[in-house]
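Have a look at the structure below before the remarks.
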DNA sequence: TAAGTTTGTAGTAATAATACTACATAAAAA
DNA sequence: TTTTTATGTAGTATTATTACTACAAACTTA
């Protein structure tokens with residue numbers, strides 16, 4: 019079943035002025051499914067027959083059908099709010115900024131979610147669960163994400179390491195084996211040092227899981243498994259911030275899955291770590 | 019205007035069997051506003067007059083009014099999804115886990131947002147913008163958040179430092195002045211080392227901005243400014259992961275605001291940093 | 001059992017919503 | 001200018017929806 023938006027795109031070229039008016043109203047209205055044809059015609063300054071002509075053109079057999087479809091889609095769309103409306107302005111106070119950051123993140127999550135290939139992610143999970151050693155590589159802000167990842171995965175008990183220094187990264191990479199997994203993080207996908215290190219790691223036989231925000235980049239292409247974050251650029255706030263949150267969500271997802279599919283060994287290790295941390299806090 | 023739920027609670031005691039059936043159907047249905055009286059009566063195995071009797075009892079003057087109210091409320095409810103429905107299950111595959119993590123984060127953001135006192139956050143912004151030095155203190159996972167914060171704030175040009183080691187933290191704390199700001203991060207609010215260090219920092223005259231998830235804790239009470247994250251505990255996934263994302267959003271918010279209110283000096287510094295990073299990537 | 005309450009049936013009125021048509025007019029393209 | 005296209009008006013048929021009523025049946029409770 020085609021969505022309202024898709025149907026419009028399909029007929030985009032043949033849409034007439036009043037049809038566009040109707041569509042605008044439907045999009046603008048926050049509860050379009052409650053509108054009767056009459057109300058809609060008044061709102062859009064258009065005659066009722068024009069509405070009928072439109073929904074027929076779009077392939078609906080009745081006005082009801084259009085409304086039901088719309089209600090359906092609104093329920094889903096609600097989560098991925100439009101990016102433009104959530105642009106952060108200089109005059110926004112902290113609470114507004116905070117809300118908008120949340121909205122932008124939600125939008126980015128939806129966009130990213132759409133591109134996820136489950137099989138690939140589950141393959142990554144399997145690789146990590148069975149890996150000899152796990153290395154997290156990143157630089158700058160991506161370096162802190164790498165550390166965050168390492169922190170989490172340390173709990174499953176294997177050898178887990180985060181390294182931000184390119185020289186050390188290189189040393190590790192040169193000594194890897196087929197059992198090792200590298201989780202490399204680079205927002206741009208073109209971080210020179212990481213490219214080099216990933217290259218070395220692959221030469222050593224290690225598998226590379228790449229987390230990045232840009233698809234057509236050197237690093238994205240080198241990846242054995244690619245986890246791609248999507249985000250909408252906004253004027254005031256670099257999308258890097260949003261992407262970083264999505265990247266963390268990726269790591270959380272991987273971790274959650276590794277624990278879920280992991281055998282008793284992993285589950286016991288996680289419990290032990292939990293106890294250890296609790297003890298420290300006391 | 020009373021909500022549907024409130025109206026029901028009000029009349030709870032006088033509701034009859036068939037009225038309860040109707041309410042159940044309305045609640046169960048995901049698009050109740052699309053139901054006609056006839057459809058609803060069939061679904062709930064109840065006569066149409068019973069429906070009329072019900073909406074009158076609840077104080078609506080027409081069936082339409084009930085539907086509009088319901089549509090309104092559903093639209094709102096949708097954003098703050100119930101925590102239970104988004105619980106991550108062991109059998110959920112990666113894409114589902116990812117989506118649920120996003121939902122949990124959104125819910126946590128809404129809950130946190132509700133408790134934000136703008137004035138306090140803006141006060142924090144002012145303190146940071148005018149601070150002599152800024153110290154980010156955290157341990158474990160909170161340590162990586164501290165580093166993340168430092169990374170961002172380094173760009174505004176002042177002296178910014180993240181420290182995860184308690185001993186170094188202590189040394190810094192002992193040498194602080196009234197111009198210094200500590201941003202301390204502790205999920206639990208009871209991290210022993212951080213308590214000590216915050217204590218020392220306060221003795222030295224520094225201002226302490228505390229980011230934590232638990233309100234009635236030692237650290238929350240010691241804070242000059244408290245930024246409290248809210249999250250719903252779920253069975254499978256520790257709320258720590260969600261809180262951490264919210265904490266990052268807090269830091270993003272502070273940073274965005276500091277740049278916004280900051281004078282030319284800060285803006286120039288941010289631009290310089292941006293150039294520096296771009297250069298490195300090439 | 002008797003009184004009261006709840007609910008359904010059935011019939012109906014009033015209205016609103018949808019769908020359709022034919023024609024007229026306005027605007028745009030040839 | 002002519003033709004085509006887009007749109008609106010007006011009138012109307014059809015159906016769906018809402019709203020109401022009175023009465024009967026079923027069920028509860030005293």
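Chains as they are written, first to last, in my numbering: chain R, 19 to 300; chain W, 19 to 300.
The C-beta atom is built at its ideal place from N, Cα and C for all residues, glycine as well.
Taking C-beta separations shorter than 6 angstroms and ignoring five residues to either side along the sequence, the partners of residue 150/R in its chain run 197, 198, following chain order.
Interface criterion met: the Cβ of residue 275/R is under 9 angstroms from a Cβ in chain W. Taking a C-beta cut-off of 7 angstroms against chain W, the contacting residues of the region 128-157 of chain R are 131, 134, 136, 139, 140, 143, listed in chain order. By the rule that beta-carbons nearer than 9 angstroms mark a contact, residue 259/W touches chain R.
For secondary structure counted as the alpha helix (DSSP H) over 4 or more consecutive residues, the region 223-287 of chain W holds these complete runs in sequence order: 236-240, 257-279. A Cβ-Cβ separation of about 6 angstroms places residue 166/R in contact with residue 266/R under the 8 angstroms criterion. CA-to-CA, the gap between residue 63/R and residue 69/R works out to about 11 angstroms.
In this chain, residue 34/R is not harboured by any beta strand (DSSP E), its DSSP state being neither H nor E. Comparing C-alpha distances from residue 19/W to each of 86/W, 58/W, 32/W, 176/W shows the shortest one belongs to 86/W. Fully enclosed beta strand (DSSP E) runs of no fewer than 3 residues are not present anywhere in the region 49-111 of chain W. By the Cβ-count criterion, residue 34/W is exposed, with fewer than 16 other Cβ atoms from all chains shown falling within 10 Å of its own Cβ. Residue 56/R has its alpha-carbon roughly 57 angstroms from the corresponding atom of residue 291/W. Residue 130/R and residue 106/W do not touch by the CB rule: their CB atoms are close to 17 angstroms apart, not below 8 angstroms.
Under the Cβ criterion (8 angstroms, minimum of three pairs), the region 204-223 of chain W counts as touching the region 154-166 of chain W. Each of 73/R, 39/R, 43/R was checked against the Cα of residue 25/R, and the nearest Cα belongs to 73/R. Residue 21/R places its beta carbon 9 angstroms or farther from that of residue 126/R. Rounded to whole angstroms, residue 249/W and residue 79/R show a C-alpha spacing of 46 angstroms. A check of alpha carbon separations from residue 200/R across 244/R, 235/R, 38/R, 231/R identifies 244/R as the nearest. Taking a cut-off of 8 angstroms on C-beta distances, the region 211-219 of chain W touches the region 186-193 of chain W, as three or more cross pairs fall below it. Interface flag for residue 23/W against chain R is unset, since no Cβ pair is found closer than 9 angstroms. Assignment of beta-bridge partners to residue 181/W by DSSP yields 155/W. Sequence-ordered contacts of the region 30-46 of chain R with chain W are nonexistent [C-beta pairs closer than 7 angstroms]. Residue 288/R has its alpha-carbon roughly 28 angstroms from the corresponding atom of residue 238/W. Within the region 186-197 of chain R, no residue has a Cβ lying closer than 8 angstroms to any Cβ of chain W.
Under a criterion of Cβ atoms nearer than 7 angstroms, the residues of chain W adjacent to residue 89/R are, in order, 49, 52. Taking a Cβ-Cβ cut-off of 7 angstroms, the neighbours of residue 119/R in chain W comprise 267, 270, 271, given in sequence order. For the C-beta of residue 124/W, the chain R residues within less than 7 angstroms are, from N- to C-terminus, 120, 124. Taking the C-beta atoms as reference points, residue 112/W is found nearer than 9 angstroms to residue 272/R.
Residue-level contact by beta carbon holds for residue 166/R and chain W, with a gap shorter than 9 angstroms.
Using beta-carbon distances, residue 109/R counts as an interface residue toward chain W, with a partner under 9 angstroms.
The Cβ of residue 113/R sits closer than 9 angstroms to at least one Cβ of chain W. Proximity to residue 214/W across 40/W, 185/W, 269/W, 231/W peaks at 185/W, based on C-alpha coordinates.
Considered as a whole, the region 108-136 of chain W harbours no complete run of any beta strand (DSSP E) with no fewer than 3 residues. For residue 206/W, the secondary structure class from DSSP, reduced to helix, strand or coil, is coil. Chain R has a Cβ within less than 9 angstroms of the Cβ of residue 116/W. Straight across, the Cα-Cα distance linking residue 116/W with residue 172/R is about 21 angstroms.
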